[in-house]
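Sequential numbering of the sequence shown, starting at 1, is according to the UniProt record's numbering. Backbone N, C-alpha and C fix where the C-beta goes; we use that ideal spot for every residue, glycine too. All of these numbers come straight from a predicted model, not from anything done at the bench. First the structure, in the form of structure tokens, and then the observations on it.
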Amino acid sequence: MPVASVNKGTGPVSEDWFQAALAPMATRPEHGDTSHAVHMLAQHYGIDTEIVPLASEVERTDELRLPDGRRLILKTSARPEAVESFAFQSGTLSDLEAYADVIAPKVLRTRDGALMFRDGRTCGYVQTRLEGAPLHAEEQTPAIARQSGQALGRLNLALARCDPPSTRRPVLWHIGCWTRLSALSCHLPDGPLAEHVRAAMADYLSQVAPRLDALDWQITHNDPSPHNMLETRGGTGFIDFGDGGWNPRLQDLAVAAGHMVTDPELPLGGAEQVLAGYASVIPLSDLDRAVIVGLMRARQAALVLINAWRSHLFPDQAIYINKNVARSQNGLAILSRLDARAEAAAVTAALSQPPQAA
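Here is the structure:
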């Protein structure tokens, strides 16, 4: 049965679309020896190099260590849905090369000049490896938070002008899936976390979801987490566009800011400077301001639910799967203290934050 497309401002996605998005996340990442990768690199790129497998969520990811010291990333998969995913990823990275103020990997063309390759049942592409320290390994200073918000704003401006294929393919992290994720709550132990997740999703359903139509929609990264944002010599860069697609633009800010909610002494837990930095590039509308905290909480809850489910499926991979869960758990606890009036006051105060010294 064909999967229904996702249109701007739709409510929950269809059951077929949701199941198509769920399926790849219910399977283990592809592994195996490197012999096939050696063949594909030689055949499609003329590259002969050392190959080092890396951890990944779905597709296979390998680091290529070239004799001249360069590092590249090879992404491959034999799953049918990977064709659309890799077409989106490589197409987006290619389009972003036109924007000098955005730091992201660059795609290597094949010998035939294509962005990706097909080799029997396997498809894939090669990109440069971005050098830098992931934000999760850096101290979360106000200056870094603001710079990351500004960089995300520049990325969103560029993505709005990108035209990659497969922007509406099924992705479990798509906002249209969130209303269905509560079914995964059976994998959460009873306690404060489960209560915070339920409350966040209930508030999202009643206060945010009915207003999604009015938000600005465009191509988004959809997972600018501290593991996918790097501090490079040139500023904050972005990797791993695999969850990207057609979403509310504000969702990227909700994801990035939600991961920065760590300090219980602050109303928004330290996300204030992320919001201020982003808004200095893309001003927030009244509606954006009204729903941003609800979006942050809902995305934190979605992360907890999806990863609890996947940890149940793959307990041996729980450490990798749950790499961002502690941040979301802490963030939910901090943001749950705010009622609607306090949320509005906190956002208003955040957007008036002055720049912080590095």
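Helix, strand or coil for residue i per DSSP?
i    : result
W309 : helix
Y125 : strand
A340 : helix
V348 : Val is not the amino acid found at residue 348; the sequence shown has Thr there. DSSP places T348 in helix when its eight states are reduced to three.
N228 : coil
S56  : coil
P315 : helix
V325 : helix
F238 : strand
R65  : strand
L22  : helix
T92  : helix
Y45  : helix
E50  : strand
D16  : helix
E161 : First, the amino acid is wrong: residue 161 is Arg here, not Glu. R161 falls in the coil class under three-state DSSP.
S77  : strand
R154 : helix
L115 : coil
R70  : coil
L108 : strand
P355 : coil
A133 : strand
Whole angstroms is fine: what's the gap from residue i's alpha carbon to residue j's?
i    : j    : result
V304 : A257 : 16 Å
G242 : Q300 : 19 Å
D240 : D286 : 31 Å
L215 : W17  : 22 Å
E63  : R327 : 27 Å
P192 : L313 : 23 Å
A340 : V293 : 9 Å
D263 : D119 : 49 Å
A87  : M260 : 31 Å
Q68  : H39  : It should be pointed out that residue 68 corresponds to Asp in this sequence rather than to Gln. For D68 and H39, the distance between alpha carbons rounds to 20 Å.
P165 : I103 : 21 Å
H227 : R111 : 32 Å
A100 : L338 : 39 Å
I334 : L266 : 9 Å
T61  : C177 : 26 Å
E81  : A349 : 44 Å
E195 : A26  : 25 Å
R211 : M201 : 15 Å
E57  : A342 : 37 Å
R28  : S148 : 32 Å
D213 : L135 : 32 Å
Excluding the five sequence neighbours on either side, which residues of its own chain have a C-beta within less than 8 Å of the C-beta of residue i, listed in chain order?
i    : result
I282 : G153, N156, L157 and R249
D252 : L152, L155, N156, T220, H221, N222 and P224
L351 : L275, A276, A279, L284 and R289
D203 : G294, R297 and A298
A346 : P267, L268, E272, V293 and L338
T92  : L159, C162, P164, I219, F241 and G244
Leaving out the 5 sequence neighbours to the left and right, which residues in its chain are closer than 7 Å to residue i when beta-carbon positions are compared?
i    : result
L205 : T179
A199 : S336
N322 : N307 and S311
E131 : T232
V3   : Low confidence applies to V3: its pLDDT is 41, below 50, so where it sits in the model is not reliable enough to give any reading.
Q353 : E272, Q273 and A276
V208 : V291, G294, L295 and A298
K106 : L93, E97, Q127 and T128
P12  : G176, T179 and R180
T167 : F88, I219, G245 and W246
Within the same chain, show all residues whose beta-carbon is closer than 6 Å to that of residue i, passing over the 5 residues directly before and after it, in chain order.
i    : result
L41  : I47
V171 : A21, D243 and G245
A160 : Q218
L66  : T49
V197 : A301 and V304
A318 : S311
M296 : A254, A257 and G258
R121 : A78
Q329 : L193
Report yes or no: is there a C-beta of chain B within less than 7 Å of the C-beta of residue i?
i    : result
M229 : Given the protein chain composition of this structure (a single chain), no chain B is represented.
Give a yes or no on contact between the region 128 to 146 and the region 270 to 279, applying the rule of three or more CB pairs nearer than 8 Å. yes
Counting only runs that start and end within the region 169 to 224, where is the alpha helix (DSSP H) found for 4 or more residues in a row? 192 to 203
Three Cβ pairs or more, each shorter than 8 Å: is that satisfied between the region 175 to 185 and the region 110 to 117? no
The region 91 to 101 contacting the region 38 to 53, beta-carbon criterion three pairs below 8 Å: no
For the region 244 to 299, list the alpha helix (DSSP H) runs that are entirely contained and at least 4 residues long, ordered along the chain. 250 to 259 and 272 to 279
For the pair the region 119 to 128 and the region 66 to 78, tell me if three or more CB-CB distances fall below 8 Å. yes
Give a yes or no on contact between the region 48 to 59 and the region 24 to 34, applying the rule of three or more CB pairs nearer than 8 Å. yes
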